[in-house]
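Asker: Just remember that the working numbering sits 21 ahead of the position in the sequence shown, which is counted from 1. Quick one: this structure, given as structure tokens, is what I'll be asking you about.
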Amino acid sequence: MKIPLYGAVPTTHTQQLLSYPLPISKTLPAYVRGSSDVRKALEGKVMVVTGASDGIGKQIALLSAELGAKVALVARRKELLGKIEEEITAKGGVAMAVPADITWYNPTTREYETFKAAINQVVERYGPIDYLVNNAGIFKDPKFTDMKTELIHDMVELNLTAALAGTKYALQHFSEDGVVLNMSSHVTLRHFADEEVYNATKAALNEFTLTLNESHGRMVAYALMPGAINTEIIRSKEKEWAPFVHEKTGMAWQDYLKKILQPEQVAAAAINIMATKPSTALIVQESVTF
């Protein structure tokens, strides 16, 4: 289904994007839990979430299951997926763990076989897919000229190529009104130094999102572009980033982590987008900025 690239406000490029300000994000989890419209949209529907073993993906899975969705948990870490599945089912939810390295490419068949098999497993158990969340990704930021080519390959494979291939496989089993949610990033608007590869993969996801909306009937696609999030990736950057954060904001590192977006807030935004289907394809979720 064709939807606008940006909102209708005729101002600057950034302002035309639909945006969730940080104060709204802080109240979104409670809003989503209490929304009968969101629950109605998700109840009994089939959702596939990649990168579901921790962080944003885990929170999307937990909250979606709480709201009645049948959730397929796709990630590499089998043990963690099993624990999340148990947590969901113990509360009366419906979930299946689907351990898979979605970047594994079979040179003989020329297919991403494990991702294809994961999608087939979900369809065999639950039927057509209503929601696909391309959340899996990695972030590394050594100086571009020092970056190993292997790392460039790995980032492109997980952040972009797997999402393209997985969406292709999922669309073959999509419900008529299905939704694709691509987890992008605010870096596509800010262009931070030494993030060339990561930025490129997320910008490409945005373009993929827009093109999907031109091509597949009533199915719709969105790219959510959150700012800084308190995830394992950010926490691992304390040594390099804490001095910069203190210089720019005056905040100690732990205070900064409390102020920025939390995974559940991003999860709530993603679920609200999928459930309400706004008329804007690219959506910013604001965080603490410098």
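Where is the CB? At the ideal position from N, CA and C, for every residue including glycine. Quick caveat, the model's predicted, so the values are computed rather than measured.
1) Leaving out five residues before and five after Leu-202 in sequence, what residues of the same chain have Cβ atoms less than 6 Å from its Cβ?
2) Report the rounded CA-to-CA distance for Tyr-147 versus Ala-183, giving the unit in angstroms.
3) Would the region 86–106 count as touching the region 60–74 if we require 3 or more Cβ pairs under 8 Å?
4) Nearest by alpha-carbon distance to Arg-98: which of Lys-79, Gly-114, Ser-85 and Gly-113 is it?
5) Applying the 10 Å Cβ sphere with the 16-neighbour rule, what's the burial state of Leu-233?
6) Assuming Ala-225 contacts Leu-181 (C-beta within less than 8 Å), just tell me the rounded distance between them.
7) Kindly indicate which residue of Ala-121, Asp-58 and Thr-301 has the alpha-carbon position closest to the one of Gly-187.
8) Within 8 Å, do at least three Cβ pairs link the region 123–134 to the region 105–112?
9) Three-state secondary structure (DSSP) at Ala-183?
10) So Ala-289 and Leu-84 are supposed to be a Cβ contact under 8 Å. How far apart are they, rounded?
11) Assuming Met-246 is part of the beta strand (DSSP E), what are its boundary residues?
12) In the region 153–222, which residue ranges form an unbroken alpha helix (DSSP H) of at least 4 residues, counting only runs that do not cross its ends?
13) Just to confirm before moving on: does the CB-CB distance between Leu-278 and Asn-251 stay below 8 Å?
14) I need the boundaries of the beta strand (DSSP E) containing Gln-306, first residue and last residue.
15) With a CB to CB cut of under 6 Å and the five nearest residues on each side skipped, what residues in its chain are close to Ser-196?
16) Over the uninterrupted beta strand (DSSP E) stretch that includes Lys-91, give me the two end residues.
17) Smallest Cα separation from Ser-11: which of Met-240, Gly-55, Asp-175 and Ile-159?
18) Leaving out five residues on either side along the sequence, give the residues of the same chain with a beta carbon under 7 Å from the beta carbon of Pro-7.
19) Lys-137: buried (16+ other C-beta within 10 angstroms of its C-beta) or exposed?
20) Do the CB positions of Met-246 and His-194 come within less than 8 Å of each other?
21) On the premise that Thr-310 lies in contact with Leu-271, defined as a C-beta separation below 8 Å, what is that separation, rounded to the nearest angstrom?
22) Taking the beta carbon of Ala-86 as the centre, do at least 16 other beta carbons fall within 10 Å, making it buried, or is it exposed?
23) Just the C-alpha distance for Ala-82 and Val-53, rounded to the nearest angstrom, thanks.
24) Mind checking Gly-114: buried by the 16 CB within 10 Å criterion, or exposed?
25) Any idea what DSSP makes of Ile-294, helix, strand or coil?
26) Assuming the contact rule is C-beta atoms closer than 8 Å, Glu-178 and Thr-124 should be a hit. Round their C-beta distance to whole Å, please.
27) Once the 5 residues before and after Asp-198 are set aside, which same chain residues still bring their CB inside 6 Å of it?
28) The beta strand (DSSP E) that contains Val-67, what's its start and end?
Answerer: With the structure as the only source:
1) As a position in the sequence shown, residue 202 is number 181, starting the count at 1. So the list reads Val-154, Tyr-243, Ala-291 and Met-295, once near-sequence residues are dropped.
2) Stepping through the sequence shown from its first residue, residue 147 is reached at position 126. Stepping through the sequence shown from its first residue, residue 183 is reached at position 162. Rounded to whole angstroms, Tyr-147 to Ala-183 spans 22 Å at the Cα level.
3) yes
4) If you number the sequence shown from 1, residue 98 lands on position 77. Nearest of Lys-79, Gly-114, Ser-85 and Gly-113 to Arg-98, Cα basis: Lys-79.
5) Position 212 of the sequence shown holds residue 233. Result: buried.
6) Taking the sequence shown and counting its residues from 1, the one referred to as residue 225 is at position 204. Taking the sequence shown and counting its residues from 1, the one referred to as residue 181 is at position 160. Indeed, because the Cβ distance is near 5 Å, the residues count as touching under 8 Å.
7) Start at 1 with the first residue of the sequence shown, and residue 187 comes out as number 166. Nearest C-alpha to Gly-187: Ala-121.
8) no
9) Along the sequence shown, one-based indexing puts residue 183 at 162. Of the three classes helix, strand and coil, the one that applies to Ala-183 here is helix, per DSSP.
10) Within the sequence shown, residue 289 is the residue found at index 268, counting from 1. Within the sequence shown, residue 84 is the residue found at index 63, counting from 1. Right, the Cβ-Cβ distance comes to about 6 Å (below 8 Å), so this counts as a contact.
11) In the sequence shown, the residue the question calls residue 246 occupies position 225. Element bounds for Met-246: 241–247.
12) 170–177, 183–192 and 208–211
13) Locating residue 278 in the sequence shown gives position 257, where the first residue counts as 1. Locating residue 251 in the sequence shown gives position 230, where the first residue counts as 1. A contact, by the Cβ cut-off of 8 Å.
14) Numbered from its first residue, the sequence shown carries residue 306 at position 285. It spans 303–306 - the beta strand (DSSP E) in which Gln-306 sits, taken as one unbroken run.
15) Within the sequence shown, residue 196 is the residue found at index 175, counting from 1. Taken in chain order, the residues that qualify are Pro-149 and Asp-151.
16) Taking the first residue of the sequence shown as 1, we reach residue 91 at position 70. Start and end: 91–96.
17) The structure shown does not extend to residue 11, since the chain spans only 22 to 311, so no value can be given for it.
18) Look at the range of the chain in this structure, 22 to 311, and you will see that residue 7 is not part of it.
19) By 1-based counting over the sequence shown, the position of residue 137 is 116. So Lys-137 ends up on the buried side.
20) For the purposes of this step, residue 246 is identified with residue 225 of the sequence shown, where counting begins at 1. For the purposes of this step, residue 194 is identified with residue 173 of the sequence shown, where counting begins at 1. Cβ distance not < 8 Å, so Met-246 and His-194 don't count as in contact.
21) Counting from one through the sequence shown, the residue named residue 271 turns up at place 250. Counting from one through the sequence shown, the residue named residue 310 turns up at place 289. Looking at the sequence provided, one finds Gly at residue 271 rather than Leu. Incorrect: roughly 14 Å between the Cβ atoms, too far for contact.
22) Position 65 of the sequence shown, counted from the start, is the residue given in the question as residue 86. Burial call: buried.
23) Along the sequence shown, read from residue 1 onward, the residue named residue 82 stands at position 61. Along the sequence shown, read from residue 1 onward, the residue named residue 53 stands at position 32. So the two alpha carbons sit approximately 14 Å from each other.
24) Translated into the one-based positions of the sequence shown, residue 114 becomes position 93. That one is buried.
25) Here residue 294 is taken as the residue at index 273 of the sequence shown, counted from 1. DSSP places Ile-294 in helix when its eight states are reduced to three.
26) Counted from its first residue, the sequence shown places residue 178 at position 157. Counted from its first residue, the sequence shown places residue 124 at position 103. Indeed they touch by this definition, with Cβ atoms about 4 Å apart.
27) Against the sequence shown, residue 198 aligns to sequence position 177. So the qualifying residues of the chain are Arg-239.
28) As a first step, residue 67 is located in the sequence shown; it is residue number 46 there, counting from the start. Val-67 -> beta strand (DSSP E) spans 67–71.
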